[in-house]
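See below for the structure under consideration.
Residue numbers (this note's numbering): 1058 to 1352.
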């Protein structure tokens, strides 16, 4: 079975690719340069040089594949249009085949909620409000077996959003700046655990299913900041910020998403797919793991 993978050199996509290849799976990965193609091919995957916006190429690759896992996103104001056009192009190649298609969403669409499940009402902040229309198309597709994965805040290997809490190590008197006052919870998942979920969803997910990729670890941002300070030898020096200060530092749209107070357990993926996230917690990683090793 050959899987067409987008975003294969990104943070999540590279973890998915590694695990697919460790399982001996055939993967065709979309990349944008010969240099990235060489890295993909070194892992034993087949590289296709192109862009996710090349709709003709996306349709061709969907037809040639046995299923698609979509992780690529520009992460800017073009994201809606790019994702919408991609789904249209891929479904032109998949519809009527009952092949598998795994689409990427995100936890923020549910807004602030102390116990988010897949059936919780949505209350998306502006930065991700565009997702709902496309996700309805994906889950309602005819002749394609679709699953939506909604990752929590992803961390691991010193990367992802939690890297916001790291300094450059040049100022021993620096302090970790929180996002807001730090009282809000973030629901989290290690990138390697999340990669396993994508593969389980591809193999076992029922058509029209949605799974939240959350480990069940839901620290407050203050707890995250304290761990980051300890990991960097900053003697618990942590600074809160007002909402206005956080908006000014990170941009209002991104900041509003990070100021959400969210908790989730990810139970459905455990029950339906047998998913067993067992990576370290974000607090442990920041205190003693791959983040602290970067400084």
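From the three backbone atoms N, C-alpha and C, an ideal C-beta is built for every residue, glycine too.
For the region 1243-1327, the full-length beta strand (DSSP E) segments reaching 3 residues or more read 1245-1247, 1266-1270, 1319-1321 along the chain.
With respect to residue 1196, residue 1125 sits apart: the two C-beta atoms are not nearer than 9 Å. In the structure shown, residue 1225 falls within a coil segment according to DSSP collapsed to helix, strand and coil.
Residue 1089 carries a coil assignment under DSSP once its states are collapsed to helix, strand and coil. Straight across, the Cα-Cα distance linking residue 1170 with residue 1273 is about 14 Å. If you draw a straight line from the Cα of residue 1349 to the Cα of residue 1292, it is about 13 Å long.
The region 1163-1183 makes no contact with the region 1219-1236: fewer than 3 CB pairs, one atom from each, lie closer than 8 Å.
The C-beta distance from residue 1163 to residue 1207 rounds to 6 Å, short enough to meet the 8 Å contact threshold. Counted as a single uninterrupted DSSP element, the alpha helix (DSSP H) harbouring residue 1136 occupies residues 1136-1151. Here the alpha carbons of residue 1259 and residue 1328 stand approximately 16 Å from one another.
Residue range 1202-1208 is occupied by the beta strand (DSSP E) that includes residue 1207. The three-state secondary structure of residue 1062, taken from DSSP, is strand. Per DSSP, residue 1104 is one residue of the beta strand (DSSP E) stretching across 1103-1106. Residue 1309 and residue 1135 have their C-alpha atoms spaced approximately 17 Å apart. Residue 1250 places its beta carbon less than 9 Å from that of residue 1334. Your pair residue 1102 and residue 1086 checks out as a contact, with CB atoms roughly 5 Å apart and the cut at 8 Å. Annotation for residue 1124: the continuous beta strand (DSSP E) segment containing it runs 1124-1126. Straight across, the Cα-Cα distance linking residue 1105 with residue 1089 is about 8 Å. For residue 1157, the enclosing beta strand (DSSP E) starts and ends at 1157-1161.
As DSSP reads the structure, residue 1170 sits in a beta bridge with 1319. Contact between residue 1100 and residue 1082 is absent: CB atoms are separated by about 11 Å, not below the 8 Å threshold.
Residue 1306 is classed as exposed because its beta carbon has fewer than 16 other beta carbons within 10 Å across all chains shown. Following the DSSP letters along the chain, one finds residue 1077 inside the alpha helix (DSSP H) bounded by residues 1068-1079.
Counting along the chain, the unbroken alpha helix (DSSP H) around residue 1114 starts and ends at 1112-1121. Between residue 1248 and residue 1295, the C-beta gap is not smaller than 9 Å, which leaves the two residues out of contact. DSSP lists 1059 as the bridge partner or partners of residue 1083.
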